[in-house]
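Heads up: the structure comes next, in structure tokens.
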Amino acid sequence: MAKELNFTLEGVQGDLKLKYGPFNQRLYQDGREIKKQGRFNPKYYVINTNGEKEEIKVVYGFDFVHVAVFRGQKIDLEERLSIREYIVGGLPVLLVFLGGLIGALFGIMGATFNYNHMRQEKSFIK
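Sequential numbering from 655 applies to the sequence shown in my numbering.
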């Protein structure tokens, strides 16, 4: 269930690709995997247009959007959803109250699936 995000950043040499799945995240620059530095605050070192290594962080927040932090700027790698889409997509989380821990796990997985599906289907709720 790995997903890919292809993107470019101004000042970074070549194309970047983020492959992510549950509990796994890898960053590639021009097809070569970049080694992650750090465990709790992971960062990557990409090659900039001058041929020097520069730090980039890829953060996945509570709003279910991957954000790249490069040179102090936050760049959204995915489209942010509207408030209505977050409400509709988060309905499976109500299983927490009905099913306890197992319901919570299924609810969070369902919400994540809904948010990814709504990003792909642009005209769901606007």
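For glycine and all other residues, C-beta sits at the position ideal for the given N, C-alpha and C.
Opposing strand residues paired with residue i [DSSP bridges]
i	result
N660	K671
Q679	Y674
Y699	E709
R773	Looking at the DSSP assignment, R773 forms no beta bridge with any residue, so it has no partner.
DSSP-derived helix/strand/coil call for residue i
i	result
R693	coil
Residue i classed as buried or exposed, judged by whether at least 16 other C-beta atoms fall within 10 angstroms
i	result
F677	exposed
M763	exposed
Original post:
Which ranges would you report for the beta strand (DSSP E) in the region 708 to 763 if only whole runs of at least 3 residues count?
Top reply: 720 to 724 and 727 to 730
**OP:** Would you check if the region 707 to 727 and the region 661 to 672 touch, i.e. whether three or more CB-CB distances between them fall below 8 Å?
**Re:** yes
**OP:** Would you check if there are 3 or more beta carbon pairs closer than 8 Å linking the region 717 to 726 to the region 744 to 755?
**Re:** no
Original post:
Would you call the region 672 to 692 and the region 710 to 720 in contact, with 3 or more CB pairs under 8 Å?
Top reply: yes
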